[in-house]
Amino acid sequence: MKRSRVRRGLVLVAVLGFVLALSGTTEAPAKTKACKKGFVRNKAKKCVKKAAAKKTTAKKSTATTGQADSRKPGGTITYLNTFEQPSLDPAAVSAVNPTSGAVMASAVFDQLVYVDAKSGDVLPGLAKSLTSTDAKVWTLKMRPGVKFTDGTPVDAAAVKYNWARMADPANKSPNLTTAASIKDMQVVDPQTLQVTLVSRNGQFPRLIASAGITFVGSPTALQADPDFRNNPVGAGPFMLKEWVHDDHLTLVRNPNYWDAPRPYVDKLVLKLMSDPAQRYNTFIAGQADIVTSYLDYSIFTRAKSAGFPTYPLLTPVGGGNVMFNVAKAPFDDIRVRTAVYDALDPDDQNQVMNNGDAATAPPPALIRQGSNIYDPDPSLRFPKHDHVVAQQLLDDLAKQNGGPLEFSLTGVIGDKNLEYMQSRLNQYRNLKVTIRGINGGDYGTTLVSGNFQAIFYLAGGFDPEPDFYNEFHTGASRNYWKFSHAGLDAALDDGRAALDPAVRRKAYARMEKILNDNYIASYFSPTIGGFDGGYVTQKDVKNFDDAITFGPPRWALIRKDS
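Sequential numbering from 1494 applies to the sequence shown in the numbering used here.
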């Protein structure tokens, strides 16, 4: 779908560091003698009669400010959510993607910054700007006058309080690694927070946008209410009305939202429905307004064929994969990882599961064309899958261990890829694979506990930072597979610190080679916004194209026509 309006606002640019600044702004003109009242200067710098306002005033983009649209809000949006965030304390929200608890959190808290799904740029939300000249000391500017729904200012002190909570090990926040990368925070004035990092990070704004640290709650409420997790107070477009755990979250419009007249609907209902078939049938029956094709790509293709608006999310880094837990048997043995990798056939999987759709064809490499750090070196492509080698390794392992290789493959109940992979892998001699299906709400705790041998995992975006650092650096918050490699750590450190894309490209090429050589994962699909396909909406849902981020939708932008 082509964008009908030009996006204006704030974009991230690099000038000796990454700077969040106004897009399209120019340097202030030199001072000249003012024209008389009713006249303005033309291009020739002559005073001419001012035209009527209706002929000279450009229409403001509703993609970045709600000021231009005065239509009264109304209606209800029902979104079929795939996962429930058990706690709406910002310190408990980890990944920021279209299927995580961030879908709920963003409606209540909004985001400091977010990643645009089309450009990959980091854009401002509650924060007005985030700048640095050396990638180590960053200046965060907050919008003046913004308040949480309890009246507490959304200012520099509030951000500092939230980030300090996440950095406290006692709170066991999944954002601990991100928050701990901050060495010092100083409130310069109510709207300005100076942040000094432990080490240089040229992608710090992207790091914030991609983690739960992008959400901040009211310090007043956090200190006063011991049950804040169930009674969150934020500055987002909606406020909590009812939460029936494991069923639905009902939110109502925040009448004092900072970006008035948004939000455009009176009520937002996030209904938990992890089963893809149930989601699709509910949507087709008209009982939901927005649905994702997570776990079943056919939802996307069927809805598109039926004439419903569809919004794909294609990104050039990462993918859907099977991750191996190297901290325990059997995947602590690289021979086992290699055997399972070689036994899989991603091309066949795409043919069987997605009818060979080109959009879901297995990715050739971890970082692909479309990324500004793509390296075309053919040696960086994923190793070819070799079924003969797979069988030889499995036979050798069986002789050595006195029996076949056995392991469980963990995934969310309803994911059809589970049965596909089990059936294909069990065709090999000396290999027995069982399925371990879990509820969507248990997925996060399963990862954190390490209670898996091999697990389906989806991660990626426009840039390796911060996902790959968090997932593969030794001791990082989301390194659930417990892989540790000094060379990999060095590559990730270099890629994070550098401002020069050429330097980053070389660093991540080293990363790709090490991961490929150690068979940590088997990638079978490209990352599509963290899930298969994208979004599908009813025809009366408007503005959704502008609401898409590489994370949860920007709920405030979505309108429903009556």
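Glycine included, every Cβ here is placed at the ideal spot set by N, Cα and C.
Note that the coordinates shown come from a computational prediction; the quantities given were computed from them, not determined experimentally.
Practice item. Tell me, please, whether the segment 1670-1684 touches the segment 1653-1660 by the rule of three or more beta-carbon pairs shorter than 8 Å. Key: yes
Check your understanding: Between the segment 1869-1886 and the segment 1615-1625, are three or more C-beta pairs nearer than 8 Å?
Key -> no
Practice item. Using the DSSP secondary-structure output, state which residues sit across from A1584 in a beta bridge. Key: Here residue 1584 is taken as the residue at index 91 of the sequence shown, counted from 1. In DSSP, A1584 forms no bridge with anything.
Check your understanding: When the Cα atoms are used, what is the spatial distance from P1579 to A1753?
Key -> For this step, residue 1579 is matched to residue 86 along the sequence shown. For this step, residue 1753 is matched to residue 260 along the sequence shown. Using only the alpha carbons, I get a separation of about 30 Å.
Exercise for review: Indicate the three-state DSSP secondary structure (helix, strand or coil) for T1626 in the structure shown.
Suggested key: In the sequence shown, residue 1626 corresponds to position 133, counting from 1. T1626 falls in the coil class under three-state DSSP.
Point to revise | Cβ-Cβ separation, Y1804 to Y2028 (assumed contact under 8 Å), whole Å | key: Sequence index remark: in the sequence shown, residue 2028 carries index 535 (1-based). Sequence index remark: in the sequence shown, residue 1804 carries index 311 (1-based). Sure, about 4 Å apart at Cβ, within 8 Å.
Check your understanding: Thinking just about the alpha-carbon of each residue, which of T1569, A1584, Y1572, V1589 is nearest to the one in P2045?
Key -> If you number the sequence shown from 1, residue 2045 lands on position 552. Closest by alpha carbon: V1589.
Point to revise | Inter-residue CB distance, G1980 and R1998 (contact presumed, cutoff 8 Å) | key: Translated into the one-based positions of the sequence shown, residue 1980 becomes position 487. Translated into the one-based positions of the sequence shown, residue 1998 becomes position 505. About 17 Å; that fails the 8 Å criterion.
Point to revise | P2046, DSSP secondary structure in three states | key: Within the sequence shown, the letter at position 553 stands for residue 2046. Looking at P2046 - three-state DSSP - the assignment turns out to be coil, as it is neither helix nor strand.
Check your understanding: So, is E1735 buried or exposed, given that buried needs 16 or more other C-beta atoms within 10 angstroms?
Key -> Indexing the sequence shown from 1 puts residue 1735 at position 242. Burial call: exposed.
Exercise for review: Pick out whichever of L1940, A1781, P1748, P1583 has its Cα sitting closest to the Cα of K1764.
Suggested key: Position 271 of the sequence shown, counted from the start, is the residue given in the question as residue 1764. That would be A1781, whose Cα lies nearest to the Cα of K1764.
Review point. Which partner residues of K2035 appear in the DSSP bridge assignment?
Key: The sequence position of residue 2035 within the sequence shown is 542, counting from 1. K2035 pairs with R2052.
Point to revise | Stretch-stretch touch, CB-based, cutoff 8 Å, three pairs: the segment 1789-1800 with the segment 1606-1615 | key: no
Review point. Can you round the beta-carbon distance between F1479 and G1727 to whole angstroms, since I take them to be within the 8 Å contact cut?
Key: What the structure shows of the chain is the stretch from 1494 to 2055, and residue 1479 is not part of that stretch, so it cannot be assessed.
Check your understanding: Taking the runs of the beta strand (DSSP E) that are 3 residues or longer, which of them lie wholly in the segment 1749-1781?
Key -> 1760-1765
**Study point:** Proximity to S1466 [Cα-Cα], best of K1925, D1648, Y2012
**Key:** As displayed, the chain neither begins before 1494 nor continues past 2055, which places residue 1466 out of reach and without an answer.
Point to revise | Straight-line gap, N1818 to G1954 (C-alpha atoms, nearest Å) | key: Numbered from its first residue, the sequence shown carries residue 1818 at position 325. Numbered from its first residue, the sequence shown carries residue 1954 at position 461. Their Cα atoms are separated by approximately 23 Å.
Review point. Hey, how far is the Cα of M1635 from the Cα of T1794?
Key: Numbered from 1 along the sequence shown, position 142 holds the residue referred to as residue 1635. Numbered from 1 along the sequence shown, position 301 holds the residue referred to as residue 1794. Their backbone Cα atoms lie some 42 Å apart in a straight line.
Practice item. Could you tell me whether the Cβ atoms of T1689 and D1677 are closer together than 8 Å? Key: Taking the first residue of the sequence shown as 1, we reach residue 1689 at position 196. Taking the first residue of the sequence shown as 1, we reach residue 1677 at position 184. Yes, the pair counts as a contact, with Cβ atoms nearer than the cut-off.
Practice item. Excluding the 5 residues preceding and the 5 following A1990 in the sequence, name in chain order all residues of the same chain whose CB lies nearer than 6 Å to its CB. Key: Taking the first residue of the sequence shown as position 1, residue 1990 is located at position 497. Cβ neighbours of A1990 beyond the five flanking positions: R1693.
**Study point:** Segments assigned beta strand (DSSP E), at least 3 residues, entirely inside the segment 1799-1868
**Key:** 1803-1805, 1810-1817
Point to revise | Candidates V1596, S2018, Q1920, G1618, of which the one nearest L1633 by Cα | key: Within the sequence shown, residue 1633 is the residue found at index 140, counting from 1. Among V1596, S2018, Q1920, G1618, the Cα nearest to that of L1633 belongs to G1618.
Point to revise | Residues near I1931 by beta carbon distance below 7 Å, same chain, minus five either side | key: Start at 1 with the first residue of the sequence shown, and residue 1931 comes out as number 438. Excluding sequence neighbours, I1931 sits near T1903, V1905, I1906, T1939.
Point to revise | Beta bridge counterpart(s) of Y1790 as assigned by DSSP | key: Here residue 1790 corresponds to residue number 297 of the sequence shown, with the count starting at 1. DSSP output for Y1790 lists no bridge partner at all.
**Study point:** Minimum C-alpha distance to D1682 - residue among A1858, T1707, P1646
**Key:** Mapped onto the sequence shown, residue 1682 falls at position 189. Answer by Cα proximity: P1646.
Exercise for review: Below 6 Å CB to CB, which residues in the same chain sit around P1809 once its five sequence neighbours on both sides are set aside?
Suggested key: Within the sequence shown, residue 1809 is the residue found at index 316, counting from 1. Cβ neighbours of P1809 beyond the five flanking positions: R1861, G1863, S1864.
Review point. Nearest-angstrom Cα distance between D1986 and P1957?
Key: Stepping through the sequence shown from its first residue, residue 1986 is reached at position 493. Stepping through the sequence shown from its first residue, residue 1957 is reached at position 464. Rounded to whole angstroms, D1986 to P1957 spans 12 Å at the Cα level.
Point to revise | Beta-carbon proximity list for T1549, same chain, < 6 Å, skipping 5 on both sides | key: As a first step, residue 1549 must be located in the sequence shown, where it is residue number 56. In this predicted model, T1549 has a pLDDT of only 26, less than 50, meaning its place in the structure is not dependable enough to derive any value.
Review point. How would you label R2052, buried or exposed, when you count the other beta carbons within 10 angstroms and need 16 or more for buried?
Key: As a working mapping, residue 2052 is identified with position 559 in the sequence shown. So R2052 counts as buried.
Review point. With burial defined as no fewer than 16 other Cβ atoms inside 10 Å of the residue's Cβ, what is the status of E1964: buried or exposed?
Key: Walking along the sequence shown from the start, residue 1964 turns up at place 471. The residue in question, E1964, is buried, as its Cβ has 16 or more Cβ neighbours within 10 Å.
Review point. V2031 to G1895, Cα distance in whole Å?
Key: Reading the sequence shown from its first residue, position 538 is the one you call residue 2031. Reading the sequence shown from its first residue, position 402 is the one you call residue 1895. Looking at the sequence itself, residue 2031 is Gln, so the reference to Val does not match. Going from the Cα of Q2031 to the Cα of G1895 covers about 57 Å.
Point to revise | Top-ranked residue by Cα proximity to F2043, from S1587, T1592, A1585, K1565 | key: Position 550 of the sequence shown, counting from 1, holds the residue named residue 2043. Minimum Cα distance to F2043 is reached at T1592.
Review point. Is it buried or exposed for N1848, if we count other Cβ within 10 angstroms and need 16 for buried?
Key: Taking the sequence shown and counting its residues from 1, the one referred to as residue 1848 is at position 355. By the neighbour-count rule (16 or more Cβ atoms within 10 Å), N1848 is not buried but exposed.
Review point. Does the beta-carbon distance from V1881 to L1573 come in below 8 Å?
Key: For the purposes of this step, residue 1881 is taken as the residue at position 388 of the sequence shown. For the purposes of this step, residue 1573 is taken as the residue at position 80 of the sequence shown. Going by C-beta atoms, V1881 is not nearer than 8 Å to L1573.
Practice item. Please name the residue or residues paired with H1741 in a DSSP beta bridge. Key: Position 248 of the sequence shown, counting from 1, holds the residue named residue 1741. Answer by DSSP bridge pairing, in chain order: V1737, K1764.
Review point. Helix, strand or coil: which one does DSSP assign to P1698?
Key: In the sequence shown, residue 1698 corresponds to position 205, counting from 1. Looking at P1698 - three-state DSSP - the assignment turns out to be helix.
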